Structures are given as structure tokens and as C-alpha cells.
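Enquirer: Residue numbers (this note's numbering): 2 to 350. Just dropping this structure here.
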Ligand SMILES: Cc1ncc(C[n+]2csc(CCOP(=O)(O)OP(=O)(O)O)c2C)c(N)n1
């Protein structure tokens, strides 16, 4: 189609991909594709609902789905996930119900946090997914604490700390990688380098050649991975998790990818991104790259694509319908779980 940028083809054969994808490669690819479509559908709908005033805030993860789905599939139930703003798909793949997440986005009475946390900050304890702290980088220290706890209890599990390129300039990044390395704690540092920290481009964030290179300063392995290539993400994440489970040293993976939307619903990137950014990002759309490759290898056809898309549309529609039919949390819930003795949420009332 004229004006549509060519999608960068994935650089391997079917046999090479199947070699790294484990025992059921076709099933893994189809499952991954299904989740990526579902996440993409959710992002588009939620951004639209935010613009209509039906959801307070939204931070899309469009462009970051390959890392998220691979992390969700490669991690085990006993692992813990300490996310940044864009990893809700990891919780969904690990089994957090979509409708529960949408209740959270609507901040209604079925939201596990009863509307007291910003949208896109879900808590999903049942799948070991910790609510994100909005203070950039702090989840890195939290993950190191979780890793310390796992080590003390001799659990063969891993804490996954997700953070963006901007967070690699935070104090917590330094303290976290240092402490994890010295204690050889089971922590996997997952940096999603979408090349922007709101309006700050990564080349103004750091003079380091890559973000992965920073790991060397702490005595850790750091690897840069194509974060828009599902198979590469899967190979990197499953390999690192396996090494950590066997008692290996902590590691950092830097996933290079492209932020395909605004930073959040509160942002207007046309004020600071170069004119060619959108085209470069589209050429590295992880979903389009995977779909193009699966078609080429005979793993995806129109019928499957239509089925998956309608299933995603229906699931997202049903979750929105349920959330819109649910009342807001009662006023008294504002202070539930906050004080030892119940207190009025509004002083003097
Ligand atoms: C300590 C702190 N400083 C500033 C902010 C404001 N802030 C919110 S998101 C953000 C950029 C984060 O960029 P990055 O770490 O690259 O993650 P991304 O949002 O791109 O995934 C900033 C500066 C904050 N939340 N916390």
C-alpha cells in the first residue's frame, strides 16, 4: 500500500525458530499471536475510552507486546513480576482475568484496589504481579528485596524487574543492580528501551553505548535483544530465567523497541518526536513482524487472523460492558485496609 512503511522481516527460518521455542513451537507462536492481538485491541479501545472520559488515564504498551508475552509465557507461577507502566500483559498471560483488569481501569467496585490506584497500576497478587510504584525505578529495589527473600527461603524462583530506558538513570537502578550482584540474588533485570522517557530521547538520557553495557559496571552480564522479535525475546528470557533458576548470577536484558503511541494519555508526542519516528516505529511493529513471518512460514492464514481478532474484540467488549455495569466503590472503601480502626474517609463526617 502506498505510504505504508515496509515491515522489517524477521531474520530466521521456521526450523531455526522451532529450535529455540521448546517442545510445542507452533502452539507457542499461536498463543503469543493471540495475546498480542488481544493486548493491541485493548490498548486501542482504552485510549479511545480515555478520550471519551470513560477511563481516567491510560498508558499503552503498543510496540512492547513481544517482550511482555514472552515474559508471561517463559516465567513460572512461583516467579514474581515487579512491573513498570507497560507490563499488564505479563499479568494477563500469567492468568490475571481480563475483566478483572478492566474493572481496575474503570476504578469500580470490582477493582482489587477499589479505585485507589491510578489506572494501569493493577495489583494481581494471585499471579505474583505487584502493583507498580509510579516513582520511576523504585520497582528495581523492590525486586531485589523479593530476590533476597527468595534466597533466604531457598526458593528456586526469580524476581523479574521491568523498567524503561529512563529508569536506568535512577538511583534505584544503581543500588538495585549493585546489591543484587553482590548478593548473587535471583533477579532478572528487564529493561524495555522504547527510546523515550516521555520527551527525553535515549541519546540524551545516557552517553553509554547501550543500556545493557551498564550491567558490566556491576559485574553482571548485560545483553541487548531485538525487543520487536518475539522469538528473540522468548530465547533471551527463557534462557536467562533458566540460568537464574539454576543458581546463576543476576542478569540484565535490554530489549530495544519502539514506543508506538504517546507516553500516556496525558502526552502529545507530536511536540517533540521527529517526523520520521512513526514510520520507523511501524517498521518495527512486533505484531506486524510476527504476523508477516508466520504467514510466510504457513503458520497464519486469513481464517485464523479473523478468528483471533473477533475473539479479542468480543473479550474486550464484554469486559467493558461488565465494568460499565458495575458501580463505583462505596465512599467508605477509601480508607479500607488503611487504618487499623475504621475511620471516616472524609474528616468531620
Ligand atoms: C522519580 C520520578 N521522576 C519523574 C517521574 C515522571 N515520569 C513518569 S514516567 C517518566 C518517564 C519514564 O521513562 P522510562 O523509564 O523510559 O519508561 P517508559 O515510560 O518509557 O516505559 C517520568 C520522567 C516519576 N514518575 N518518577
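Yeah, the Cβ is synthetic: ideal placement off N, Cα and C, and Gly gets one too. Model, not experiment: these values are computed from the prediction.
#1: When you measure from the CB of residue 166 to every non-hydrogen atom of ligand 1, does any distance come out below 8 Å?
#2: Buried or exposed for residue 77, please, with buried defined as at least 16 other CB atoms from any protein chain shown within 10 angstroms of its CB.
#3: Any heavy atom of ligand 1 closer than 8 Å to the CB of residue 136?
#4: Spatial neighbours of residue 12 within its chain, please: C-beta separation below 7 Å, excluding the five flanking residues on both sides.
#5: State the CB to CB distance for the pair residue 34 and residue 301, rounded to an integer number of angstroms; the pair is presumed to be in contact (CB under 8 Å).
#6: Would DSSP call residue 125 helix, strand or coil?
#7: Answer yes or no: does any C-beta atom of chain D fall closer than 9 Å to that of residue 226?
#8: Exposed or buried, residue 266, counting other C-beta atoms within 10 Å across all chains shown (16 or more means buried)?
#9: Entirely within the stretch 13-42 and at least 3 residues each: give me those beta strand (DSSP E) ranges in chain order.
#10: Quick one: residues in its chain with C-beta nearer than 7 Å to the C-beta of residue 268, no 5 flanking neighbours on either side, listed in chain order?
#11: Which residue from 289, 121 and 65 puts its Cα closest to that of residue 47?
#12: Return yes when at least one heavy atom of ligand 1 lies under 8 Å from the C-beta of residue 116, else no.
#13: Is residue 86 near ligand 1, judged by its Cβ being under 8 Å from some heavy atom?
#14: Buried or exposed for residue 20, going by 16 or more other Cβ atoms inside 10 Å?
#15: By a C-beta neighbour count over all protein chains shown, 10 Å radius and 16 as the cutoff for buried, is residue 142 buried or exposed?
#16: Run the proximity test for residue 69: is its beta-carbon closer than 8 Å to any non-hydrogen atom belonging to ligand 1?
#17: Please confirm if the stretch 152-166 is in contact with the stretch 219-236, defined as three or more CB-CB distances below 8 Å between the two stretches.
#18: Where do the N-terminal and C-terminal ends of the beta strand (DSSP E) with residue 185 fall, by residue?
#19: Taking the runs of the alpha helix (DSSP H) that are 4 residues or longer, which of them lie wholly in the stretch 66-103?
#20: Measuring from the CB of residue 225, is there a heavy atom of ligand 1 at a distance below 8 Å?
#21: Between 188, 233, 196 and 260, which has its C-alpha nearest residue 248's C-alpha?
#22: Please go through the same chain and pick out, in chain order, the residues whose beta-carbon is closer than 7 Å to the beta-carbon of residue 310, but skip the five residues on each side of it.
#23: I need the DSSP call for residue 202, collapsed to helix, strand or coil.
#24: With 16 as the cutoff for other CB atoms within 10 Å, does residue 204 come out buried or exposed?
#25: With a CB to CB cut of under 6 Å and the five nearest residues on each side skipped, what residues in its chain are close to residue 3?
#26: Going by alpha carbons, who is nearest to residue 88 out of 162, 54 and 115?
#27: Drop a sphere of 10 angstroms on the beta-carbon of residue 333, count the other beta-carbons inside from all chains shown, and report buried for 16 or more, exposed for fewer.
#28: Measure how close the beta-carbons of residue 116 and residue 108 come, nearest whole angstrom, since I'm counting them as under 8 Å.
#29: Does the structure place the stretch 202-219 close enough to the stretch 232-250 that three or more beta carbon pairs sit under 8 Å?
#30: Is the separation between the beta-carbon of residue 253 and that of residue 305 shorter than 9 Å?
#31: Quick check on the DSSP output: the alpha helix (DSSP H) that includes residue 217 runs from which residue to which?
#32: Pop quiz: residue 166 and residue 212 are said to be a contact at Cβ under 8 Å. What is the actual Cβ separation, rounded to whole angstroms?
#33: Would DSSP call residue 211 helix, strand or coil?
#34: Using 8 Å as the cut-off, classify the Cβ of residue 272 as near or not near the heavy atoms of ligand 1, replying yes or no.
#35: Look at the Cβ atom of residue 110, then the Cβ atom of residue 271, and state whether they are nearer than 9 Å.
Expert: Reading from the atomic positions:
#1: Your numbering for residue 166 matches position 165 in the chain shown. Under cutoff, so the answer is yes.
#2: Along the chain shown, one-based indexing puts residue 77 at 76. It counts as exposed.
#3: Walking along the chain shown from the start, residue 136 turns up at place 135. Yes.
#4: Residue mapping note: residue 12 aligns to position 11 of the chain shown, counting from 1. If we look at residue 12 and ignore the five residues flanking it on each side, it has no Cβ neighbours.
#5: In the chain shown, residue 34 corresponds to position 33, counting from 1. In the chain shown, residue 301 corresponds to position 300, counting from 1. With a Cβ gap of about 7 Å, residue 34 and residue 301 count as contacting.
#6: If you number the chain shown from 1, residue 125 lands on position 124. Here residue 125 sits in strand by DSSP.
#7: Among the chains in the structure shown there is no chain D, since it carries only a single protein chain.
#8: Your numbering for residue 266 matches position 265 in the chain shown. Classification for residue 266: buried.
#9: none
#10: The count along the chain shown starts at 1 and reaches residue 268 at position 267. Counting only Cβ-Cβ distances below 7 Å, and skipping sequence neighbours, we find 199.
#11: Translated into the one-based positions of the chain shown, residue 47 becomes position 46. The residue with the shortest Cα to Cα distance from residue 47 is 121.
#12: Numbered from 1 along the chain shown, position 115 holds the residue referred to as residue 116. No, ligand 1 has no heavy atom inside 8 Å of this Cβ.
#13: Here residue 86 refers to the residue found at position 85 of the chain shown. Within the cutoff, so yes.
#14: Along the chain shown, one-based indexing puts residue 20 at 19. Looking at its Cβ environment, which holds fewer than 16 other Cβ atoms inside 10 Å, residue 20 is exposed.
#15: Walking along the chain shown from the start, residue 142 turns up at place 141. When all chains shown are included, residue 142 counts as buried.
#16: In the chain shown, the residue the question calls residue 69 occupies position 68. Because no heavy atom of ligand 1 lies under 8 Å away, the Cβ of residue 69 does not count as near it: no.
#17: no
#18: By one-based count along the chain shown, residue 185 stands at place 184. It is not in any beta strand (DSSP E) - residue 185 carries neither H nor E in the DSSP assignment.
#19: 66-75 and 89-94
#20: Taking the first residue of the chain shown as 1, we reach residue 225 at position 224. No, the beta carbon of residue 225 sits no closer than 8 Å to any heavy atom of ligand 1.
#21: Walking along the chain shown from the start, residue 248 turns up at place 247. The shortest Cα separation from residue 248 among 188, 233, 196 and 260 belongs to 188.
#22: The residue you call residue 310 lines up with position 309 of the chain shown. Contacts found: 38.
#23: Locating residue 202 in the chain shown gives position 201, where the first residue counts as 1. Residue state, collapsed to three classes: strand.
#24: Position 203 of the chain shown holds residue 204. When all chains shown are included, residue 204 counts as exposed.
#25: Start at 1 with the first residue of the chain shown, and residue 3 comes out as number 2. With a pLDDT of 48 at residue 3, under the threshold of 50, the predicted position of this residue should be treated as unreliable, though the coordinate-derived value follows. Cβ neighbours of residue 3 beyond the five flanking positions: none.
#26: Looking up residue 88 in the chain shown gives position 87. Restricting attention to 162, 54 and 115, the CA atom closest to the CA of residue 88 is found in 162.
#27: Reading the chain shown from its first residue, position 332 is the one you call residue 333. Exposed, because fewer than 16 other Cβ atoms sit within 10 Å of the Cβ of residue 333.
#28: Walking along the chain shown from the start, residue 116 turns up at place 115. Walking along the chain shown from the start, residue 108 turns up at place 107. Rounded, the Cβ-Cβ distance is 4 Å, consistent with contact.
#29: no
#30: Within the chain shown, numbered from 1, the residue matching residue 253 stands at position 252. Within the chain shown, numbered from 1, the residue matching residue 305 stands at position 304. Judged by beta-carbon spacing, residue 305 lies beyond the 9 Å limit of residue 253, meaning their Cβ atoms are not closer than that value.
#31: Here residue 217 corresponds to residue number 216 of the chain shown, with the count starting at 1. Counting along the chain, residue 217 falls outside any alpha helix (DSSP H), and DSSP gives it neither H nor E.
#32: Within the chain shown, residue 166 is the residue found at index 165, counting from 1. Within the chain shown, residue 212 is the residue found at index 211, counting from 1. A Cβ-Cβ distance of about 6 Å is found for the pair residue 166 and residue 212, placing them in contact under the 8 Å criterion.
#33: Taking the chain shown and counting its residues from 1, the one referred to as residue 211 is at position 210. Reduced to three states, the DSSP call for residue 211 is coil.
#34: Here residue 272 corresponds to residue number 271 of the chain shown, with the count starting at 1. Outside the cutoff, so no.
#35: Numbered from 1 along the chain shown, position 109 holds the residue referred to as residue 110. Numbered from 1 along the chain shown, position 270 holds the residue referred to as residue 271. No, the Cβ-Cβ distance between residue 110 and residue 271 is not below 9 Å.
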